[in-house]
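For reference, the structure is listed below as structure tokens.
Here it is in structure tokens:
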């Protein structure tokens, strides 16, 4: 069961809450950690720079153009980030997806369900479009298993689309897997 409580969306083991300027240190630490950033755009700067970026982002959030979330365990421990952007027309894009060592079992699946809930159900979009770096084998395999369709590729990225109808048809199956992992983990 997934429930939206104010600016927090909760599921079985995880919750998403909108990023705040106070999260700048955590976000920067994740984005600069070689263990987690190999397939992301490089980030430089200081915590103050990251805070300024988040402050500017908050205007795009208020306009409904972006939504940047801290992924947390149900006990409030941060374990990652994920962002929706290019929210326009019938589509949205998501990325900046990082899960750290504090994540619970099946966190990738659960956080993907949460982000699709936001894009498809909260924003009412019909499809997600996104790209994955060619050398990011684990994330490519994840999206293919999830049912995303490849729409193209270039030297750096593989491009995908994922429709709301497919998500709605598969959502309960995904949540069942997450629930089983939570019960046995």
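Numbering (this note's numbering), first residue to last: 25 to 209.
Ideal Cβ placement from N, Cα and C applies to all residues, glycine included.
Please check the pair residue i and residue j, which I expect to be a contact at CB under 8 Å, by giving their CB distance rounded to whole angstroms.
i           : j           : result
residue 118 : residue 144 : Not a contact, Cβ separation roughly 11 Å.
residue 94  : residue 157 : 23 Å between Cβ atoms; not a contact.
Measuring only the C-alpha atoms, how far is residue i from residue j?
i           : j           : result
residue 77  : residue 47  : 11 Å
residue 83  : residue 183 : 28 Å
residue 39  : residue 131 : 10 Å
residue 71  : residue 34  : 28 Å
residue 133 : residue 203 : 11 Å
residue 113 : residue 185 : 14 Å
If you reduce the DSSP assignment to three classes, tell me which class residue i lands in.
i           : result
residue 163 : helix
residue 43  : coil
residue 143 : helix
residue 118 : strand
residue 62  : coil
residue 73  : helix
residue 68  : coil
residue 193 : helix
residue 168 : helix
Tell me where the alpha helix (DSSP H) around residue i begins and ends.
i          : result
residue 98 : Premise fails: residue 98 is in no alpha helix (DSSP H) and is neither H nor E.
Less than 7 Å between the C-beta atoms of residue i and residue j, yes or no?
i           : j           : result
residue 135 : residue 106 : yes
residue 37  : residue 128 : yes
residue 171 : residue 190 : yes
residue 149 : residue 115 : yes
residue 60  : residue 54  : yes
residue 45  : residue 89  : no
residue 124 : residue 100 : no
residue 43  : residue 109 : no
Is residue i close to the ligand MG? I mean its beta-carbon at under 6 Å from any heavy atom of the ligand.
i           : result
residue 182 : Of ligands this structure carries none, so the ligand MG is not represented either.
The beta strand (DSSP E) that contains residue i, what's its start and end?
i           : result
residue 153 : 151-157
residue 110 : 102-112
residue 182 : 181-187
residue 55  : Taken as a continuous stretch (DSSP letters only), residue 55 belongs to no beta strand (DSSP E), being part of the alpha helix (DSSP H) at 48-56.
From the beta carbon of residue i, is the nearest beta carbon of chain C less than 7 Å away?
i           : result
residue 115 : No chain C is part of this structure, which consists of one protein chain only.
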